[in-house]
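Numbering (our numbering), first residue to last: 16 to 610.
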């Protein structure tokens, strides 16, 4: 029998748990093939959308739903664990557009007249993506089993998979809630393609208010994104209020202060001379220092996760399903060698510098994984800027070294984050981490087969950097490389002071959280830092989600306990699935009803 049991979690609702049946199918050919196909479709869509708007879609829920539906139609349903494997392979394949750097570092190289040939790009993408998978393995025990981080998308994926397999009355009720919220979110997502004002109502223009226009310019505007609203249901008050605090401090206080004092006089959202480029640095310091301090304070459990088992030592079935240290350490060594060889022979990067970049990637993948666990946001752009800053000091004037070293960090953080979301889903469903690890590696290879040709097609058909594919993320990476060509002194005025203060603050916060009496009231420095990096409306919509959830809890505490995961998962899945449809409409240039 399948079972789902509640346990305490951050938001006060029951956490999903599932007990697999004995001998339940898991890593099968059909589950892997289905995941690779659906994930590759998402990856190809992400190429165009990412080059168009600088954003991409995760493939976990999409791969789970489409893979399950494909076999349900022909009457040969996937098991719960097979669906988890399909979703794991699909997430790995779908994430290759970002992990391979095809949305940022590779087009940035092309904008600098340094395009890569097909073979080089394939080897480089494969090596850096594998690094991310290997980085995630030792983090699983600490972040998922010990810290029990939420990983909202991973949790939502588990809820979605269970809902599709529901049979009991209570489970069916939850499945209906998930389906209806998914339909509602999907309908809204489709509607805002044709009427963009539904997603982002321009109140400042409608009301002709100068004050609202100023607030909107700094990102304080209405935005109704179902997936972020659903994430607000799951993250809990401490993290969501930390995001709100960070948005107010960064975009409402420090950004305007930097502009007023002449430290960032360019356009607000410009990385090179605007407020966004100034507040980026304290935001990155907040994220990095808090994540690393928290990990350092838990060093004993982290070291235990890395412990090698002695020859002949007894092992139970659960241990036999864990990923052997030899697998990820050996893979990490091989991937590092390939990355060093490519960096040296193709980009003329000194081997020691590449080794430093890989070490930084390991550290920053930890930051990215913790960020996803707490906020469901993977700050690959922010952690990439850390590497760019380091190499701005190590190799001033070397833009190619700056970009490609940061690309290693980007690939590692991206795939490590995807792997951690999948491992969270698998943990909730009782899946084998070893089998998920295999599915992830297969998915990376499958995604690579299509994403590079598709990237070539788009960049050949359209002029990179112009209206059709403006590549905003690539422009930001290119601007940062050009800014740091003069070394660390090119940072905006007083940005280093702000960085140092932020770093000191976020060394203190994890220490305070060790005090049980005040632990619930200590803000998340990582969430505050995330809010410094993403536009303010992202934090606001998650705050709206928390407010809706608190009102719901006040009005009906029983139903909120029962349906929180289902409704939140439906909101996340609905926008994710129909986001692919919107991508197709964008590619086909289907006209909007309003502008």
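From the three backbone atoms N, C-alpha and C, an ideal C-beta is built for every residue, glycine too.
Minimum C-alpha distance to residue i - residue among the options
i, options, result
"residue 278", "559, 289 and 588", "289"
"residue 461", "111, 216 and 385", "111"
"residue 86", "344, 213 and 98", "98"
"residue 406", "372, 385 and 377", "372"
"residue 231", "195, 262 and 256", "262"
"residue 172", "73, 302 and 416", "73"
"residue 341", "474, 276, 395 and 153", "153"
"residue 297", "586, 573, 594 and 517", "517"
"residue 143", "497, 463 and 547", "463"
"residue 360", "603, 138 and 534", "138"
"residue 42", "91, 102 and 65", "102"
"residue 36", "400, 259, 349 and 446", "446"
"residue 180", "79, 520, 515 and 544", "79"
"residue 353", "216, 504, 604 and 141", "141"
"residue 188", "574, 594, 601 and 607", "574"
"residue 491", "512, 548, 511 and 532", "548"
"residue 345", "564, 150, 566 and 83", "150"
"residue 470", "362, 52, 121 and 95", "121"
"residue 387", "249, 131 and 596", "249"
"residue 512", "157, 269, 259 and 251", "269"
"residue 82", "52, 66 and 257", "52"
"residue 541", "63, 577, 522 and 228", "522"
"residue 562", "216, 217, 251 and 221", "251"
"residue 199", "245, 286 and 254", "245"
"residue 423", "266, 479 and 369", "369"
"residue 336", "265, 450 and 285", "450"
"residue 429", "404, 415, 440 and 393", "393"
"residue 259", "567, 546 and 114", "546"
"residue 235", "578, 168 and 283", "283"
"residue 196", "578, 609 and 606", "578"
Residues bridged to residue i (per DSSP)
i, result
"residue 484", "479"
Residue i and residue j closer than 9 Å at C-beta
i, j, result
"residue 100", "residue 54", "no"
"residue 311", "residue 589", "no"
"residue 58", "residue 123", "no"
"residue 148", "residue 552", "no"
"residue 555", "residue 208", "no"
"residue 421", "residue 390", "no"
"residue 93", "residue 45", "yes"
"residue 436", "residue 75", "yes"
"residue 303", "residue 379", "yes"
"residue 273", "residue 293", "yes"
"residue 301", "residue 520", "yes"
"residue 596", "residue 175", "no"
"residue 241", "residue 527", "no"
"residue 560", "residue 247", "yes"
"residue 557", "residue 243", "yes"
"residue 66", "residue 362", "no"
"residue 146", "residue 427", "yes"
"residue 253", "residue 539", "yes"
"residue 611", "residue 95", "The structure shown does not extend to residue 611, since the chain is modelled only from 16 to 610, so the question has no answer here."
"residue 484", "residue 478", "yes"
"residue 177", "residue 438", "no"
"residue 286", "residue 506", "no"
"residue 226", "residue 220", "no"
Inter-residue CB distance, residue i and residue j (contact presumed, cutoff 8 Å)
i, j, result
"residue 155", "residue 448", "7 Å"
"residue 489", "residue 119", "5 Å"
"residue 395", "residue 417", "With a Cβ gap of about 16 Å, residue 395 and residue 417 do not count as contacting."
"residue 366", "residue 355", "5 Å"
"residue 192", "residue 583", "Actually they do not touch by this definition, with Cβ atoms about 10 Å apart."
"residue 412", "residue 500", "5 Å"
"residue 299", "residue 400", "6 Å"
For the region 419 to 461, which segments carrying the alpha helix (DSSP H) assignment without a break, of at least 4 residues, lie completely within its bounds, in sequence order? If we require 4 residues or more, the region 419 to 461 turns out to have no alpha helix (DSSP H) run fully inside it.
Whole alpha helix (DSSP H) runs in the region 253 to 323 with 4 or more residues, listed along the chain? Taken in chain order, the complete alpha helix (DSSP H) segments of 4 residues or longer contained in the region 253 to 323 are 270 to 275, 290 to 312 and 314 to 320.
Minimum length 4: unbroken alpha helix (DSSP H) runs contained in the region 200 to 255: Listed in chain order, they are 218 to 221, 225 to 232 and 241 to 250.
Alpha helix (DSSP H) segments (min. 4 residues) lying fully within the region 491 to 542: Within the region 491 to 542, the complete alpha helix (DSSP H) runs of at least 4 residues are 510 to 527.
Mind pulling the alpha helix (DSSP H) runs of 4 or more residues that sit fully within the region 61 to 95? Listed in chain order, they are 75 to 88.
Could you pull out every unbroken alpha helix (DSSP H) segment of at least 4 residues lying fully inside the region 364 to 414, listed in chain order? At a cut-off of 4 residues, the continuous stretches assigned as alpha helix (DSSP H) that sit fully inside the region 364 to 414 are 366 to 390 and 395 to 409.
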